[in-house]
Amino acid sequence: SQGAIVEKYHDGAVAENVAKTKILPGIDMYFTQILPILITGIFAVAMTNRL
2 SQGAIVEKYH DGAVAENVAK TKILPGIDMY FTQILPILIT GIFAVAMTNR L
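The working numbering runs 1 ahead of the 1-based position in the sequence shown.
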């Protein structure tokens with residue numbers, strides 16, 4: 002029935018939200034640490050390609 006489908010979808014959405022709230026802080030910390038390195042790396046590659 003349609004009710005069961007909606008319920009299953011709702012459970013999946015809840016599980017997804019739980020995963021997001023648990024994983025996102027770790028991803029945020031990871032990105033704030035690695036982003037400057039990434040930008041520097043991309044910039045360095047761009048500069049060496051220009052020469």
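Just so you know, even glycine gets a beta-carbon here, dropped at the ideal spot from N, CA and C.
Reduced DSSP category for residue i - H, G, I as helix; E, B as strand; rest coil
i	result
L52	coil
Straight-line gap, residue i to residue j (C-alpha atoms, nearest Å)
i	j	result
D12	A45	46 Å
A16	E8	12 Å
I6	A14	12 Å
Q3	T49	59 Å
M30	R51	33 Å
L39	I28	15 Å
Residue i Cβ short of 7 Å to the ligand COA heavy atom set
i	result
N18	Although the ligand COA was asked about, the structure shown includes no ligands whatsoever.
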